[in-house]
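Participant: What follows is a single structure, and I will ask about it in a moment.
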Amino acid sequence: MTLRISAVRTFALSLIFGFSSVGATYAANPLISAIRPEGTDFEEIIHTGLKLYNLKIAKLHATSSSSSTSDIAISHAAPLNDLDFSKLEAWSDYNEIVQAFELGRDERFMDWKVDTTDFLRRPTWLYPDDGCYARADVFRDHIKTSGFTGKVYKLFVFGNLKVRTSNHPSGFVSWWYHVVPLVYDGVEAYVIDPAIDPSGPMLVDDWAKSVDENNDAKIRFSLCQGESVSPYDACVKTSGDNAKYSYIDQKGFFNAEWNRLIALKRNPIKELGDLPPWHINEVEDLIIDIDNATINTPPTEPENQQGI
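If you want it as structure tokens, here you go:
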């Protein structure tokens with residue numbers, strides 16, 4: 130218990146004084162960093178965060194005008210089975226959702242430089258440690274400005290979350306919360322989370338299992354409007370769209386993603402450029418298919434033997 134209290138106190142200091150107690154990470158407001166220090170229970174982090182929120186510490190990087198805790202995302206947390214997706218605004222069909230997913234996963238549209246060379250970046254899907262709030266909101270805004278008109282919501286999950294990933298040296302990341310875009314096709318609700326599964330939209334139940342491998346009874350979820358960014362933002366009665374701050378925060382994680390790939394002995398120019406891992410795998414699968422393919426030569430037509 131002593132170690133756990135110590136970790137929470139250290140984490141609280143990081144929130145107040147603006148440094149990270151859990152390694153090299155970035156968040157314009159440390160209060161909304163998703164990282165859960167080892168040995169720390171998510172409820173202790175929420176308790177500490179709410180105290181700081183009520184002391185107006187959250188105004189360091191406010192993304193909503195909410196002045197009380199009654200409508201913030203954390204306050205709406207409930208078991209997954211209590212959430213009703215059936216009344217959400219539906220997209221025209223599932224194929225449109227897939228198109229939006231692929232655009233938001235693949236397109237490079239944010240300015241950045243490698244030394245002095247321009248290098249456009251996509252959301253930091255390959256840096257799962259932190260920054261989910263920025264990725265989710267940048268995705269929502271980008272597909273909107275790209276012409277998709279379907280309604281995007283946000284789904285928050287709170288718990289002692291642990292997710293397996295090949296994009297971290299330890300093979301997993303630990304969060305106290307995670308947030309993703311959520312869409313509805315009139316039948317099923319889908320989560321957009323290429324940081325966990327870049328192959329396509331995930332059914333909510335499948336996604337929930339992927340972040341809760343310990344089957345924790347305390348895990349909770351909040352379904353919010355798309356403009357809700359962090360656990361301390363208004364969930365239902367959002368006021369305005371502050372995506373511009375999410376772009377600033379997202380860019381703050383670019384160096385961490387780049388350096389992570391170098392640490393993993395991978396090529397950031399390729400993977401953050403036009404050959405991200407999900408496309409590299411597709412190319413490798415194609416090569417294997419070609420290598421294993423049987424080449425069927427069309428049968429030779431018999432020569433026309435006149436006079437027979």
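Mapping to the working numbering: the sequence shown position 306 is 435, numbers consecutive.
Backbone N, C-alpha and C define an ideal beta-carbon position, used for all residues, glycine too.
Computed from a predicted structure; not experimentally measured.
Please name the residue, chosen from Asn371, Phe382, Lys216 and Pro360, that lies closest to Thr177 on a Cα-to-Cα basis.
Facilitator: The residue labelled residue 177 in the question sits at position 48 within the sequence shown. The candidate whose alpha carbon is nearest that of Thr177 is Pro360.
Participant: May I have the straight-line CA-CA distance separating Gly463 from Gly260, to the nearest angstrom?
Facilitator: In the structure as shown, the chain starts at 130 and stops at 437, and residue 463 therefore has no counterpart that could be examined.
Participant: Answer yes or no: do Val340 and Pro330 have a C-beta to C-beta separation smaller than 8 Å?
Facilitator: Taking the sequence shown and counting its residues from 1, one reaches residue 340 at position 211. Taking the sequence shown and counting its residues from 1, one reaches residue 330 at position 201. No; because the gap between Cβ atoms is not below 8 Å, this pair is not in contact.
Participant: Does the segment 332-352 touch the segment 273-292, meaning 3 or more C-beta pairs lie closer than 8 Å?
Facilitator: The segment 273-292 vs the segment 332-352: in contact.
Participant: Using a Cβ-Cβ cutoff of less than 6 Å, which residues in the same chain neighbour Trp254 once the five nearest sequence positions on both sides are dropped?
Facilitator: For the purposes of this step, residue 254 is identified with residue 125 of the sequence shown, where counting begins at 1. Cβ neighbours of Trp254 beyond the five flanking positions: Pro323 and Ala324.
Participant: Using DSSP's beta-bridge definition, name the partner residues of Cys353.
Facilitator: Translated into positions along the sequence shown, residue 353 becomes position 224. DSSP output for Cys353 lists Lys283 as bridge partner(s).
Participant: Would you mind working out which of Ala346, Leu401, Ala163 and Arg165 sits nearest Asn210, comparing C-alpha positions?
Facilitator: Walking along the sequence shown from the start, residue 210 turns up at place 81. Measuring from the Cα of Asn210, the nearest candidate turns out to be Ala346.
Participant: Using three-state DSSP, classify Trp254 as helix, strand or coil.
Facilitator: In the sequence shown, the residue the question calls residue 254 occupies position 125. Three-state DSSP puts Trp254 in coil, outside helix and strand.
Participant: Could you tell me which whole beta strand (DSSP E) segments of length 3 or greater appear in the segment 307-350?
Facilitator: The qualifying runs are 318-320.
Participant: Under the assumption that Glu386 contacts Tyr256 (Cβ atoms under 8 Å), give the Cβ distance between them as a whole number of angstroms.
Facilitator: Your numbering for residue 386 matches position 257 in the sequence shown. Your numbering for residue 256 matches position 127 in the sequence shown. Right, the Cβ-Cβ distance comes to about 4 Å (below 8 Å), so this counts as a contact.
Participant: What is the DSSP secondary structure of Leu160, reduced to helix, strand or coil?
Facilitator: Here residue 160 refers to the residue found at position 31 of the sequence shown. Leu160: helix per DSSP, three-state reduction.
Participant: Tell me, please, whether the segment 198-209 touches the segment 347-357 by the rule of three or more beta-carbon pairs shorter than 8 Å.
Facilitator: Output reads yes: the segment 347-357 touches the segment 198-209.
Participant: Shortest alpha-carbon distance to His307 belongs to which of Asp222, Pro406 and Val358?
Facilitator: For the purposes of this step, residue 307 is identified with residue 178 of the sequence shown, where counting begins at 1. Selected option, being the one with the closest Cα: Val358.
Participant: What do you reckon, are the CB atoms on Leu393 and Arg250 nearer than 8 Å?
Facilitator: What you label residue 393 is simply residue 264 of the sequence shown in a count that begins at 1. What you label residue 250 is simply residue 121 of the sequence shown in a count that begins at 1. Taking 8 Å as the Cβ cut-off, Leu393 and Arg250 do not qualify as a contacting pair.
Participant: Compute the distance between the beta-carbons of Gly279 and Glu231, then report whether it is under 8 Å.
Facilitator: Within the sequence shown, residue 279 is the residue found at index 150, counting from 1. Within the sequence shown, residue 231 is the residue found at index 102, counting from 1. Not a contact, by the Cβ cut-off of 8 Å.
Participant: What's the C-alpha gap between Tyr376 and Ile164?
Facilitator: For the purposes of this step, residue 376 is identified with residue 247 of the sequence shown, where counting begins at 1. For the purposes of this step, residue 164 is identified with residue 35 of the sequence shown, where counting begins at 1. Their backbone Cα atoms lie some 20 Å apart in a straight line.
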